[in-house]
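A quick write-up on the structure given underneath.
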Amino acid sequence: MGKKKIKIGDKAPTFKLDSFNSGIIDLAELIGKQKIFLIFSRYFGCPGSQFDLKKLLNRYPEIEEEGGKILFITQSGEKIANEFIEREKIEFPVIPSSKDELYKEYGLEMASDETWAELQKNKKKIAKLGIKHLEYEGWEEQEPGQFLIDTDGSIAYKKKGWLDINSYIETLMFSVAIKAHKDYIENEIESPTEIIAAQIQLGFLYQALGILTGKIGTLEQARESFLVVVKESNKKGFHFHSAAAYEYLANVENRLGNYMISSKYYEEARETYKKSLQNIELNTLKEKITDKIEYLYAWNLIEKAKSYHIKEEYLQAKEYYTEACVILRNLPNYNYEASYYYAWSFLEEAENLSKEEKYDKAIKNYENTKDLFKNSIMAIRSFRKNKKYSNREVIKKLEEVAKSRMNYCSARIKLEEARVLGKQGEHSAAAEKFATATTQFREVCIVFKKNRKHKELKILYYLCRAWENIELAKTHDDPDRFAKAAQLFTKVKKFFSENKMKLLASGNSAFCQALKLSTIFDKEINTKNKTELYSKIQSMLRIAASSYRKGGFEGGADWTLATSTYFDATWYLIRADKEMSLEKKNDFLKRGSEIFKSTAELFGEAGYRNKEKEIIEKLNMVKKGEKIIISALNTIQEPSLFRSALGIVTPLCPIEISQPTRISEVLQFKKKAIRVKRKRRFKASGEKIRKSLKRVKSKFKKNIQYKEEIKPLKPRKAKKSTEKSLLEAEISEEQRLIMKKMESEIDFQERKFTCIVHKGVIHSAVYICPNCNTFYCLKCVSALKKIGENCWYCNFEFDI
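Yeah, the sequence shown ends on 827 if you go by our numbering, and it's all consecutive.
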C-alpha cells in the first residue's frame, strides 16, 4: 500500500482485514449498503483516543439511527483491544492496522501541530473524566482522522485530527434530508409555488452540507438549485423569492472564493428587491426591504473589497470597506457589522505597509487595527444581547472571529518587530519574536481550521518557523538550523497556489542550503574539502537565482548572482591567504581584485548602492594590502525578498458573510403575498358590487313618483344562549384542554411524526414549534439554529 492524498469525492481505498470482534471486514462488500464512518484512532492507551472513544460511544445510537455504520481502526494489540471492547461494550468492528498500512493508505502520517494543540486544549476535560495514559502502543506521533464513505464508495467527509462527532452526525442528517427533498420534489409536488419553496429548501441543505464537508461539488449543486428558484420565481413574478435566491447565490459564490461573481449577485438581489416593493402594502415590511436593499449594496462593496484583498491590492480594498461602513452605520439592524469592517479597512492599510517593508508604520497600524477589532467585539456583544434581533448564533461566531483577528494582529506585530531586529543584526532577539509569532499563528490556525480556511495562516506559520531557524543559525553558526529552514520553505511551497510563489519558496530553500554549506565551509580546514564545498555553494546559488528569475523576481535573481560573484572573489582571497608562493599569492589577489570590481558593478546595476559601496571599500583595502576578515557566511547574505510579505495574504473567514433572508421569511412572504392578492381581489369585487348597487339605486330613484322616508332596518337582537349550547361550549373547551395535555404527553415513537427538514419519521427526540406546531427532529433544530435559521413555516425563533 502506497501513500495517497485522499480528497473529498475520491473513491475510498478498500480493504479486507480481520477485526478483533466482528470477524473479517470487507469494505468493498459493505459499500453500497449504508454510509460508513471510518474512524482512525491511535491506540487505546492514548488519553486523546480514550476521550474520543467516550464521545463516540455516547452518540453511537444516533449514528445507527441515521443509518451509519462505524469501522474503528486502531494500532493497539489484541490483548489491550479486547480489554477495552469488553469493558466499554463496543459493538462496532475494531480493526487493527499499523502506520504503514491503512493509516498511510488514507494519507494519515505524522500528527500536525494543530492536533497536538487541540489535545492540550482538551487536557482539563480529559482529566475531569479521570482518563490517564495507559500502555504505549503503535506510533506515538500518529495523526488520527475520520472519513465518511458514501453509498457510491466516494469520500463524502474527511477530517484529520481528533474526532468531531457533531460534524459527522450533521453530515449524515443533511445527506438524508437532501435525498428526501429530491424525492419529494420529483414525486409529490404539483403546485409551482410549492416547487419554488422546496427548491429553496433543497438549495439551503446543499449549501449547509457543502459548508460542513468543504466539498465544492455540493456547493455547486446548491448553486444549481438556487438558479432554478430564480428562473421559476421570475416566471411567476415572485420577485421576493427571486431576490432571496440571488442572496443565497452570492453566499455560495463567496464560499467558493468567487468574490466578484458574489458581488454581481448582490447587485441582482438589490434590483429584484426593488421590484418586490411594488407588491407590498404593509409599511413595516416596506421599510424592512428598503433597509435590505441598502444592506445588499454594502455587501456588494465588501465582496469587491475581498476580491482586491486576495490580489494584494490592499489600498483599493480599503476604499471599498470604508464606503461599505458608511452605509452599514445607518442601518440599525446591521450596524454592528460597520465597526467590524471598519477595522478591516485599517487591516488592509497595515498589510500594504508591511508589503512595502515600512515595518515601523505597519506595527502602528496593526496596533490600531487590534484596538478597532476589540471595539467591534463590544458592538457585537451589545447587539447580541438585544432580544429583538434573531441570528444571535451567527453573530456569536462573528465575535469569535473578531477575537482571532485581534490575535492575528498581535502575531503580525511580533513578525514586523522580528524583521526590524533581524535587519539590525540582533539575531537572537529576532528569533525570539519569530517564535512568539509562530505560536500565535498556530492558535489562530486552529480557529480558522474549523471553518476550513487556514491555508494562508499555514503559510505564515511555516514562514515564521523558517525565519526563526535562520536567525538562530546565524546566532549559533548552526548549519542544521539552516537545513531546517530549507525544509520549511519546501513545505510552504505546497500551500501556495500560484506558480510564482512556489518558485519564490524554492529559491529561498536553495539559498538556505547555500547558507548551510557556507557555515560548514567557514569551519572546514582542509583545502580539498573547502574546494568541494565552494562548488556546492555556487551550485545552490545558481539554483536559487534561476528560481527567482523564473518567478519574475528579477531583483532577487540579480542579488543572488552578484552574491555568487562576490563569493568567487572571496574564494580567491582565501586561497591567497593560504598560498605560500609569493607569485601565486599575487596572482590570486589580482584575480580577486578584478572580481571584486565586477561584483561592485553588478550590485550597482541592480540598484543595490550600499552593497556596491561596501565592496569598493573592501577592494581598496585589498589594494592597500590591509588584512580583511573573510567569512563565507558574511559574504553570502540573503536578498530582502527572503523575508518579503509577498504572497502573505490575511485569510478571509467564511463566517465573514452577509446575513441572508432566512428561508422561514421567504415562506412567510409567500403567504403574505397570497393574502394581499386575495385582499385586492375581494376589494375589486366589492368595488364592482358597490358600483352595481349605485346604478340600481339611481335607476330606482328616477322611477319613484313620490318621496317616502325610508327608515333604517333595526338590527336583530341576539338570541339568548340556551343551557344546551353553553354546556356544549364548556365541553368543547374541556376537550381542547385535554387534547393539549395529550399532545404534551404523547408517545412520539408510536405516532411516527414526520420531520419537516428531512421528510422522514422522527424516531426519538422531537421538537414542536410552539407557534405553528410544525414537527422537527431535535437534531435538525440544533443544526438550523447554528446557522441562524428560524422555523421554516412561521419564522419563530427556536427556543432551545
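All C-beta atoms, glycine included, are put in the ideal place defined by N, C-alpha and C. These numbers come from a predicted model, not from an experiment.
- By the CB criterion at 8 Å, Glu274 and Ala249 fall outside the cutoff.
- Judged by DSSP secondary structure, Leu239 falls within the alpha helix (DSSP H) whose first and last residues are Pro219 to Thr240.
- Tyr184 carries a strand assignment under DSSP once its states are collapsed to helix, strand and coil.
- The C-alpha of Glu644 is placed about 58 Å away from the C-alpha of Lys34.
- The segment 316 to 331 makes contact with the segment 345 to 364: 3 or more CB pairs, one atom from each, lie closer than 8 Å.
- A Cβ-Cβ distance of about 5 Å is found for the pair Leu530 and Ser574, placing them in contact under the 8 Å criterion.
- Here His266 is buried, its C-beta having at least 16 other C-beta atoms within 10 Å.
- With a threshold of 16 other beta carbon atoms within 10 Å, Glu444 meets it and is buried.
- Going by beta carbons, Ala659 and Asp504 fall outside the 8 Å limit.
- Taken in chain order, the unbroken stretches of alpha helix (DSSP H) that lie wholly in the segment 391 to 476 and span 4 residues or more are 419 to 450.
- Comparing C-alpha distances from Leu190 to each of Ser366, Gly95 and Ser68 shows the shortest one belongs to Ser68.
- Measuring C-alpha to C-alpha distances from Asn109 to each of Pro123, Glu453, Tyr593 and Cys352 identifies Pro123 as the nearest.
- Asn362 is the residue among Gly579, Ser455, Met287 and Asn362 whose C-alpha sits nearest the C-alpha of Glu321.
- Ranked by how close their Cα comes to the Cα of Gln451, the residues Glu498, Leu811 and Lys430 have Glu498 in first place.
- DSSP lists no beta-bridge partner residue for Met200.
- Residue environment: Cys799 is assigned as exposed (fewer than 16 neighbouring CB atoms within 10 Å of its CB, all protein chains considered).
- Note that the segment 217 to 229 touches the segment 252 to 261; at least 3 beta-carbon pairs, one per stretch, sit closer than 8 Å.
- Taken through DSSP and simplified to helix, strand or coil, Ile795 comes out as strand.
- Closest in alpha carbon position to Glu339, among His208, Tyr489 and Ala377, is Ala377.
- DSSP places Cys804 in no alpha helix (DSSP H) but in the uninterrupted beta strand (DSSP E) bounded by Phe802 to Cys804.
- Tyr70 and Glu91 have their alpha carbons spaced roughly 24 Å apart.
- Shortest Cα-Cα distance from Ser218 to any of Lys263, Val203, Lys151 and Lys185 involves Lys263.
- Membership of Pro123 in the beta strand (DSSP E) is indicated by the continuous run Val121 to Pro123.
- Residue state for Lys34 is assigned as coil, using DSSP reduced to three classes.
- Under the three-state reduction of DSSP output, Leu161 falls in the coil class, being neither helix nor strand.
- Boundaries of the beta strand (DSSP E) around Gln173: Gly172 to Ile176.
- Spatial neighbours of Ser533 in its own chain (CB-CB distance under 7 Å, excluding positions within 5 residues in sequence) are listed in chain order as Lys520 and Ser574.
- Counting along the chain, the unbroken alpha helix (DSSP H) around Leu542 starts and ends at Asn526 to Lys550.
- Rounded to the nearest angstrom, the Cβ distance from Leu560 to Ile663 is 12 Å, too far for a contact under 8 Å.
- Under the Cβ criterion (8 Å, minimum of three pairs), the segment 82 to 101 does not count as touching the segment 154 to 161.
- The Cβ atoms of Glu375 and His336 lie closer than 8 Å to each other.
- Contact check for Tyr300 against Lys319 passes: the beta carbons are separated by less than 8 Å.
- Annotation: the continuous beta strand (DSSP E) that includes Asp45 extends over Lys43 to Asp45.
- Straight through space, the alpha carbons of Met200 and Ala270 are spaced by roughly 28 Å.
- The C-beta separation of Thr554 from Tyr593 comes to about 21 Å, leaving the pair out of contact by the 8 Å criterion.
- The criterion of a C-beta distance shorter than 8 Å is satisfied by Gly244 and Gly36.
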